[in-house]
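Participant: FYI, this note's numbering numbers position 40 of the sequence shown as 45, with every residue one higher than the one before it. A virtual CB, placed ideally from N, CA and C, is assigned to each residue, including glycine. Please read through the structure below; I'll follow up with questions.
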Amino acid sequence: MMKKAPKRWLISRMKTSGSKRRYVVSGDYSNHRHEKRPFSFEELPQKEPFQRPSQFYNGKINYDLLRRFLRGQVGQHWNVVQSEILARIPTRLLRYREMIHWYVADQVEFLDGKIWNKRTQRCISSERLRQSITEESTEFYVHPENGLLMRSRP
Numbered sequence: 006m007m008k009k010a011p012k013r014w015l016i017s018r019m020k021t022s023g024s025k026r027r028y029v030v031s032g033d034y035s036n037h038r039h040e041k042r043p044f045s046f047e048e049l050p051q052k053e054p055f056q057r058p059s060q061f062y063n064g065k066i067n068y069d070l071l072r073r074f075l076r077g078q079v080g081q082h083w084n085v086v087q088s089e090i091l092a093r094i095p096t097r098l099l100r101y102r103e104m105i106h107w108y109v110a111d112q113v114e115f116l117d118g119k120i121w122n123k124r125t126q127r128c129i130s131s132e133r134l135r136q137s138i139t140e141e142s143t144e145f146y147v148h149p150e151n152g153l154l155m156r157s158r159p
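Here it is as structure tokens:
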């Protein structure tokens, strides 16, 4: 009997070192990365920030797998899709679960043939570019009558 592969996380942190290109003196960075460049007193910053001095992830979140997953779930019932998404978010990134609402309008109604997002109080545009300030560009919405995940753009 074959063992099923574990499901992948839908949201992850991007691994970025935060190093700036201006600190790389030569193209041979691997040999010289631990060397210290001499700084003059005038080049030092006037104030030091209170935040952590180095953060490996820089607070960047990779949500490409979430979008790809949502594109594959069009036509499925939203409650099932949402529970699958929440199960596939790591516990250390659960504070980013609101990111789902960036892509899915779950509280909508149809007004004058347009999709009205009750959460943001704007119409969802079916075009790639917004037509006006009162429209937003959300890729998916939940059909108000049957609860299915639908795509707002063709």
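Please report the distance separating the alpha-carbon of residue 82 from that of residue 112.
Facilitator: By one-based count along the sequence shown, residue 82 stands at place 77. By one-based count along the sequence shown, residue 112 stands at place 107. Rounded to the nearest angstrom, the two C-alpha atoms are 14 Å apart.
Participant: Answer yes or no: does any C-beta atom of chain C fall closer than 7 Å to that of residue 74?
Facilitator: The structure shown contains no chain C; it is built from a single protein chain.
Participant: Between which two residues does the alpha helix (DSSP H) containing residue 193 stretch?
Facilitator: Examination of residue 193 is not possible in this model, given that the chain is present from 6 through 159 alone.
Participant: Quick one: any contact between the region 142-153 and the region 76-95, if contact means 3 or more CB pairs under 8 Å?
Facilitator: Because the criterion of three Cβ pairs below 8 Å is met, the region 142-153 and the region 76-95 touch.
Participant: How far does the alpha helix (DSSP H) with residue 90 in it reach, from first residue to last?
Facilitator: Locating residue 90 in the sequence shown gives position 85, counting from the first residue. From DSSP, the alpha helix (DSSP H) with residue 90 extends over 83-92.
Participant: Using the C-alpha atoms, what's the distance from residue 19 back to residue 157?
Facilitator: Along the sequence shown, one-based indexing puts residue 157 at 152. Along the sequence shown, one-based indexing puts residue 19 at 14. For residue 157 and residue 19, the distance between alpha carbons rounds to 28 Å.
Participant: Between the region 66-81 and the region 95-110, are three or more C-beta pairs nearer than 8 Å?
Facilitator: Contact between the region 66-81 and the region 95-110 is present, because at least three Cβ pairs lie under 8 Å.
Participant: Considering only DSSP beta bridges, list what residue 145 is partnered with.
Facilitator: Position 140 of the sequence shown holds residue 145. Answer is 109 and 156, bridged to residue 145.
Participant: Which partner residues does residue 119 have in the DSSP bridge list?
Facilitator: For the purposes of this step, residue 119 is taken as the residue at position 114 of the sequence shown. The partner list for residue 119 (beta bridge, DSSP) reads 116.
Participant: So what does DSSP say about residue 70, is it helix, strand or coil?
Facilitator: Within the sequence shown, residue 70 is the residue found at index 65, counting from 1. DSSP places residue 70 in helix when its eight states are reduced to three.
Participant: Confirm, please, whether the CB-CB distance from residue 108 to residue 70 is below 7 Å.
Facilitator: Residue numbering aside, residue 70 sits at position 65 when the sequence shown is read from its first letter. Residue numbering aside, residue 108 sits at position 103 when the sequence shown is read from its first letter. Not a contact, by the Cβ cut-off of 7 Å.
Participant: Can you tell me where the beta strand (DSSP E) holding residue 97 begins and where it ends?
Facilitator: Start at 1 with the first residue of the sequence shown, and residue 97 comes out as number 92. Per DSSP, residue 97 belongs to no beta strand (DSSP E) and is neither H nor E.
Participant: What is the DSSP secondary structure of residue 124, counted as helix, strand or coil?
Facilitator: For this step, residue 124 is matched to residue 119 along the sequence shown. The answer is coil: DSSP assigns residue 124 none of H, G, I, E or B.
Participant: So is residue 143 buried or exposed if we call it buried at 16+ other beta carbons inside 10 Å?
Facilitator: Within the sequence shown, numbered from 1, the residue matching residue 143 stands at position 138. By the neighbour-count rule (16 or more Cβ atoms within 10 Å), residue 143 is buried.
Participant: So, residue 12 versus residue 93, is the Cβ gap smaller than 7 Å?
Facilitator: Taking the sequence shown and counting its residues from 1, the one referred to as residue 12 is at position 7. Taking the sequence shown and counting its residues from 1, the one referred to as residue 93 is at position 88. Yes.
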